[in-house]
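Accompanying notes for the structure given below.
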Ligand SMILES: NC(=O)c1ccc[n+]([C@@H]2O[C@H](COP(=O)([O-])OP(=O)(O)OC[C@H]3O[C@@H](n4cnc5c(N)ncnc54)[C@H](O)[C@@H]3O)[C@@H](O)[C@H]2O)c1
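In our numbering, the protein residues as written are 247 to 493.
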């Protein structure tokens with residue numbers, strides 16, 4: 247029998263899912279059968295194309311406009327989800343910013359913690375939850391000149407360990423992905439064109455190419471599936487080999 251990943255009957259929240267890695271993750275979770283709840287800070291009318299695109303591969307996603315950097319936003323996101331679907335199985339803490347110190351901390355550390363903390367109460371009911379945090383390899387490499395980004399992504403990394411330890415006895419598995427060099431609006435703030443970004447990295451990437459949001463989404467799918475049922479507190483590096491075997 248072929249292996250398959252079936253998330254039907256599961257309800258999954260992806261934060262920061264209007265574009266980039268979050269959107270690709272929402273799409274692949276929907277394709278695996280989950281009812282996906284998309285969170286972002288954009289008004290709902292700007293999200294129709296994203297909802298339509300995801301609906302082509304699965305159930306129509308439910309959009310909640312919530313700023314997870316505010317505790318009330320995190321609380322509302324989880325409460326609106328459970329009010330609508332009466333359960334919560336998966337939380338992907340993906341929302342990210344390049345911003346000042348306070349905002350970076352509010353999104354990458356406090357927001358991640360608050361979403362997880364409110365989600366925990368809903369997940370406990372089934373005794374089988376999954377939380378996946380999106381950190382960054384810059385935690386180890388030092389990154390490229392944005393100290394508040396590096397420091398707060400380290401918060402996402404260490405909270406993965408804290409939450410995994412704290413929630414293990416509740417049946418909630420908590421893991422993280424550390425991406426790098428993924429084509430998205432965030433990384434494009436450093437380059438004048440996609441061609442420039444690709445040219446810069448193709449010389450130094452061990453596998454000879456940059457990454458795309460789907461490369462990270464596939465790892466998140468694995469971490470939300472039964473295939474990873476013995477993993478918790480793990481941090482998977484998805485960077486085409488750059489950190490460990492790059493030049
Ligand atoms: N692109 C990369 O190479 C790379 C590398 C390492 C880590 N990451 C991480 O991956 C995640 C996704 O990044 P991306 O590259 O897709 O970036 P992106 O800028 O394309 O997407 C980030 C999304 O988060 C949303 N967001 C920001 N603040 C929010 C808030 N307070 N509440 C809700 N949503 C919010 C944005 O509106 C946006 O839609 C981020 O956590 C980022 O730090 C990306």
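C-beta: ideal position from N, C-alpha, C; glycine also.
Quick caveat: nothing in here was measured; it's all calculated off a predicted structure.
Counting only the same chain and skipping the five closest in sequence on each side, list residues whose C-beta sits under 7 angstroms from that of residue 278.
Taking the chain shown and counting its residues from 1, one reaches residue 278 at position 32. Closer than 7 angstroms at the Cβ level, and outside the excluded window around residue 278, lie 251, 252, 253 and 467.
Tell me, please, whether the stretch 378-397 touches the stretch 409-424 by the rule of three or more beta-carbon pairs shorter than 8 angstroms.
Output reads yes: the stretch 409-424 touches the stretch 378-397.
Give me the Cα-Cα distance between residue 352 and residue 338, rounded to the nearest whole angstrom.
Translated into positions along the chain shown, residue 352 becomes position 106. Translated into positions along the chain shown, residue 338 becomes position 92. When rounded, the distance between both Cα atoms is 17 angstroms.
Indicate whether residue 276 and residue 269 have their beta-carbon atoms separated by less than 8 angstroms.
Along the chain shown, one-based indexing puts residue 276 at 30. Along the chain shown, one-based indexing puts residue 269 at 23. Cβ distance not < 8 angstroms, so residue 276 and residue 269 don't count as in contact.
How about residue 432: is its Cβ closer than 7 angstroms to a heavy atom in ligand 1?
Counting from one through the chain shown, the residue named residue 432 turns up at place 186. Yes.
So is residue 419 buried or exposed if we call it buried at 16+ other beta carbons inside 10 Å?
Walking along the chain shown from the start, residue 419 turns up at place 173. Buried, since its Cβ has 16 or more Cβ neighbours within 10 Å.
Grab me the residues of residue 442's own chain with a C-beta within less than 6 angstroms of its C-beta, minus the 5 sequence neighbours each way, in chain order.
The residue you call residue 442 lines up with position 196 of the chain shown. Excluding residues within five positions, none has a Cβ falling inside 6 angstroms.
Verify the contact flag: residue 265, CB atom, against every heavy atom of ligand 1, threshold strictly below 7 angstroms.
By 1-based counting over the chain shown, the position of residue 265 is 19. Residue 265: yes, Cβ under 7 angstroms from ligand 1.
May I ask whether a heavy atom of ligand 1 can be found less than 7 angstroms away from the beta carbon of residue 427?
Along the chain shown, one-based indexing puts residue 427 at 181. Checking the Cβ of residue 427 against ligand 1 gives yes.
Considering only their Cβ atoms, is the gap separating residue 416 from residue 379 smaller than 8 angstroms?
One-based indexing of the chain shown puts residue 379 at position 133. One-based indexing of the chain shown puts residue 416 at position 170. Going by C-beta atoms, residue 379 is not nearer than 8 angstroms to residue 416.
Between the stretch 334-348 and the stretch 390-398, do at least 3 Cβ pairs fall closer than 8 angstroms?
yes
Which of helix, strand or coil DSSP assigns to residue 469:
As a position in the chain shown, residue 469 is number 223, starting the count at 1. Correct three-state label for residue 469: helix.
With 16 as the cutoff for other CB atoms within 10 Å, does residue 289 come out buried or exposed?
Position 43 of the chain shown, counted from the first residue, corresponds to residue 289. It is exposed - the Cβ of residue 289 has fewer than 16 other Cβ atoms within 10 Å.
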